[in-house]
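Just so we're aligned, residue 1 is where the sequence shown starts under the UniProt record's numbering, counting upward by one. Just so it is clear, CB atoms sit at the ideal spot from N, CA and C, and this is done for glycine as well.
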Amino acid sequence: MITKLCIHYLFLYTGKPTAKLSPKPYPTLTQGDKLRLTCSVNEATVNITWKKDGDPTKETAVIDMQLDETTSYLVVAKVVEEDSGEYSCEARNRLGNVACSTVVIKVKSVIPLLVWYYIVGSMAAAIVILLIGYFNLLRRKTATAGEEGRKCLMREIELGKILGKSNHPNIVKFIGCVTRQVHPILIMEHLPCGDLLGYMRKCRGINDRYYLGEGRPQVLNNYDLVLFAKQIAAGMVFLGSRGIIHRDLAARNVLLDNNYVCKVTDFGMAYQNFKYGHGKAKKGRLPIKWTAPEILLGNLAGLSILSDVWSYGIVLYEIVTLGGIPYEGWTEGKVVAQVTHGYKLPKPDHVDDKLYAIMKRCWNFDPDFRPPFENLRKRMDTYLREETYLHLLDMGSYDTIKYSKVEDLGDEDAEPSVRATRNAAAKRLGKWASDRR
Numbered sequence: 001m002i003t004k005l006c007i008h009y010l011f012l013y014t015g016k017p018t019a020k021l022s023p024k025p026y027p028t029l030t031q032g033d034k035l036r037l038t039c040s041v042n043e044a045t046v047n048i049t050w051k052k053d054g055d056p057t058k059e060t061a062v063i064d065m066q067l068d069e070t071t072s073y074l075v076v077a078k079v080v081e082e083d084s085g086e087y088s089c090e091a092r093n094r095l096g097n098v099a100c101s102t103v104v105i106k107v108k109s110v111i112p113l114l115v116w117y118y119i120v121g122s123m124a125a126a127i128v129i130l131l132i133g134y135f136n137l138l139r140r141k142t143a144t145a146g147e148e149g150r151k152c153l154m155r156e157i158e159l160g161k162i163l164g165k166s167n168h169p170n171i172v173k174f175i176g177c178v179t180r181q182v183h184p185i186l187i188m189e190h191l192p193c194g195d196l197l198g199y200m201r202k203c204r205g206i207n208d209r210y211y212l213g214e215g216r217p218q219v220l221n222n223y224d225l226v227l228f229a230k231q232i233a234a235g236m237v238f239l240g241s242r243g244i245i246h247r248d249l250a251a252r253n254v255l256l257d258n259n260y261v262c263k264v265t266d267f268g269m270a271y272q273n274f275k276y277g278h279g280k281a282k283k284g285r286l287p288i289k290w291t292a293p294e295i296l297l298g299n300l301a302g303l304s305i306l307s308d309v310w311s312y313g314i315v316l317y318e319i320v321t322l323g324g325i326p327y328e329g330w331t332e333g334k335v336v337a338q339v340t341h342g343y344k345l346p347k348p349d350h351v352d353d354k355l356y357a358i359m360k361r362c363w364n365f366d367p368d369f370r371p372p373f374e375n376l377r378k379r380m381d382t383y384l385r386e387e388t389y390l391h392l393l394d395m396g397s398y399d400t401i402k403y404s405k406v407e408d409l410g411d412e413d414a415e416p417s418v419r420a421t422r423n424a425a426a427k428r429l430g431k432w433a434s435d436r437r
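(1) Go through its chain and collect everything with a Cβ distance to residue 446's Cβ below 7 Å, but skip five positions before and after it.
(2) Going by Cα to Cα distance, which pick from Cys100, Val351, Leu306 is closest to Gly240?
(3) Which word fits Leu390, buried or exposed, when buried means at least 16 other C-beta atoms lie within 10 angstroms of its C-beta?
(4) Counting only the same chain and skipping the five closest in sequence on each side, list residues whose C-beta sits under 7 Å from that of Lys347.
(5) Run through the DSSP bridge pairs and tell me what Gly85 is partnered with.
(6) Given this structure, state the Cα-to-Cα distance separating Val172 from Leu163, to the nearest angstrom.
(7) List the DSSP bridge partners of Cys100.
(8) If you reduce the DSSP assignment to three classes, tell me which class Asp368 lands in.
(9) Let me check one thing: in DSSP terms, what residues is Trp290 bridge-paired to?
(10) By DSSP, does Lys51 sit in helix, in strand, or in coil?
(11) Once DSSP output is grouped into helix, strand and coil, what is the label at Thr73?
(12) Identify the residues that DSSP records as bridge partners of Ala357: which are they?
(13) Determine the extent of the beta strand (DSSP E) in which Glu374 is found, giving its start and end residues.
(14) Taking the alpha carbon of Gly194 as the reference point, which residue from Asn167, Leu225, Lys263 has its own alpha carbon closest?
(15) So Met236 packs on Leu255, CB below 8 Å; how close in whole Å?
(16) Does DSSP put Ala61 in a helix, in a strand, or in coil?
(17) Considering only the alpha carbon of each residue, which of Lys230, Trp310, Gly205 lies closest to Tyr403?
(18) Please report how far the alpha carbon of Val79 lies from the alpha carbon of Ala61, in whole angstroms.
(19) Under a three-way DSSP split, which group does Arg36 fall into?
(20) Quick check for students: name the residue ranges of the alpha helix (DSSP H) that lie wholly in the stretch 179 to 252, counting only runs of 4 or more.
(21) On a CA-only basis, which of Cys100, Glu69, Lys108 is nearest Glu82? Give me that one, please.
(22) What span of residues does the alpha helix (DSSP H) with Leu316 cover, start to end?
(23) Can the beta-carbon of Thr28 be found less than 8 Å from the beta-carbon of Tyr73?
(24) Using three-state DSSP, classify Ala44 as helix, strand or coil.
(25) When the Cβ atoms of the stretch 363 to 382 are set against those of the stretch 300 to 316, are three or more pairs found closer than 8 Å?
(26) Since Ala337 is in the alpha helix (DSSP H), which residue starts that stretch and which ends it?
(27) So what does DSSP say about Ser397, is it helix, strand or coil?
(28) Tell me which residues share the same chain as Pro293 and place their Cβ nearer than 7 Å to its Cβ, disregarding the 5 neighbours each side in the sequence.
(29) Just how far apart, CA to CA, sit Asn299 and Val75?
(30) Quick one: Cα of Gly213 to Cα of Val261, how far?
(31) What whole-angstrom Cβ distance do Ser101 and Ala19 have, given they're in contact under 8 Å?
(32) Which same chain residues end up closer than 6 Å to Val104 when comparing Cβ atoms and leaving out the 5 residues on each side of it in sequence?
(33) Expressed to the nearest angstrom, what Euclidean distance is found between the alpha-carbon atoms of Tyr343 and Lys106?
(34) Suppose you measure from the CA of Ile244 to the CA of Gly160; what does that come to, to the nearest Å?
(35) Tell me whether Arg209 is buried or exposed, calling it buried when 16 or more other Cβ atoms sit within 10 Å of its Cβ.
What follows is the structure, encoded as structure tokens:
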């Protein structure tokens with residue numbers, strides 16, 4: 001009897017992987033340009049990984065694999081300055097051997113030529129308005145609320161002359177002004193996606209009647225929210241370096257450009273710490289829910305950039321709640337009474353203890369123990385680089401009903417005793433408050 005013995009051989013192709021990025025070197029890009037990289041690999045490659053500065057590419061980068069699986073494309077539709085860095089394509093074979101090809105991408109910001117024109121007369125103002133309509137790049141802001149509104153706008157124009165010569169990516173750019181007429185006009189860059197507060201509410205399907213932006217609704221994830229926080233902190237670092245105290249930092253006063261980059265705006269309440277002394281802070285309209293306790297107590301001499309850090313903590317609350325109202329349902333009188341006695345907003349259920357600890361540090365009653373904006377910027381940057389932002393928020397447990405309210409009527413339904421508290425605070429501080437909460 002003859003037995004047939006069949007032997008099967010399994011050949012595993014384990015050639016070395018190869019990877020080649022093109023074009024290389026890559027020409028310098030300008031903000032808004034399209035980035036397209038091609039990675040070509042050989043047949044030994046079974047897996048392709050794209051990285052930026054050693055970390056996985058962010059979600060704005062689209063990766064496309066060809067049918068033959070030997071070519072992969074990485075595309076960023078509209079680059080921003082933060083897209084600058086070293087991009088790498090890693091090819092891996094079945095044995096885990098890796099081949100890597102890298103290219104450095106540089107993105108420069110658009111630096112407009114800023115020339116200040118002091119325009120006289122209604123004809124000149126009409127020319128400015130025509131230019132605004134023609135280019136659709138600028139935004140016109142005129143004085144409101146009588147003489148007080150005019151003073152605020154003139155103060156904003158004066159700061160615009162200082163800030164207009166810089167080009168910080170997280171500060172709204174000032175283009176020009178018309179001042180020699182009854183109603184001054186401030187001209188600044190047009191940011192079509194509107195304010196951050198209204199945009200976050202729009203993204204969760206909440207209608208905010210104040211929001212006039214054109215931002216496209218999207219699901220905001222942890223990365224987006226922490227990036228917002230980092231960009232705002234970066235803008236405030238810049239203002240602090242110029243000796244400028246904002247005094248009205250809130251999500252409603254942060255605008256978004258076409259790439260959803262945050263830019264701090266609305267300097268009508270700001271004043272500058274000059275080199276040889278402090279500017280004089282004056283009593284006036286205050287955004288109570290965002291104002292530090294030292295100011296609520298009437299200690300205007302204690303006003304500093306650390307007072308803005310308190311406001312930043314409230315902005316963090318607005319960001320993590322996607323536009324929730326701080327101290328919802330509270331009258332401004334109650335806010336003054338509670339905050340000046342040490343009250344802090346409670347931790348939202350979906351927020352990690354680490355992030356809430358940062359918010360509480362911003363709300364330290366003693367300004368000297370609040371973190372400087374540079375530390376806050378670095379902390380948010382670390383969360384993004386090390387991907388620890390993934391654990392800061394559990395958006396799956398976000399309470400959509402709890403934060404659905406966008407209109408806060410304040411004192412209208414308050415008890416007489418509460419209204420009395422509010423009136424006493426008003427007498428001490430003067431008129432305050434934004435209509436929008």
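From the atom records:
(1) Since the first residue shown for the chain is 1 and the last is 437, residue 446 is missing from the structure and cannot be characterised.
(2) Leu306
(3) By the 10 Å Cβ count, Leu390 comes out exposed.
(4) The answer, listed in chain order, is Tyr356.
(5) According to DSSP, which records beta bridges pairwise, Gly85 is partnered with Ile105.
(6) Whole-angstrom Cα-Cα distance: 9 Å.
(7) Glu90
(8) helix
(9) According to DSSP, Trp290 bridges with nothing at all.
(10) strand
(11) As written in the sequence, residue 73 is Tyr, which differs from the Thr given in the question. Here Tyr73 sits in strand by DSSP.
(12) Per DSSP, none; premise fails for Ala357.
(13) Glu374 -> not in any beta strand (DSSP E); alpha helix (DSSP H) instead, spanning 373 to 385.
(14) Answer by Cα proximity: Lys263.
(15) Actually they do not touch by this definition, with Cβ atoms about 15 Å apart.
(16) strand
(17) Gly205
(18) 9 Å
(19) strand
(20) 196 to 203, 222 to 241
(21) Lys108
(22) 305 to 320
(23) no
(24) When DSSP states are grouped into helix, strand and coil, Ala44 belongs to the coil group.
(25) yes
(26) Here the alpha helix (DSSP H) through Ala337 covers 332 to 339.
(27) Under the three-state reduction of DSSP, Ser397 is assigned to helix.
(28) Val339, Thr340, Phe365
(29) The alpha-carbon atoms of Asn299 and Val75 are separated by roughly 53 Å.
(30) Distance from the CA of Gly213 to the CA of Val261, rounded to the nearest whole angstrom, comes to 14 Å.
(31) Yes, they are in contact, since the Cβ atoms of Ser101 and Ala19 sit about 4 Å apart, within 8 Å.
(32) Glu86
(33) 46 Å
(34) So the alpha carbons of these two residues sit roughly 12 Å apart.
(35) exposed
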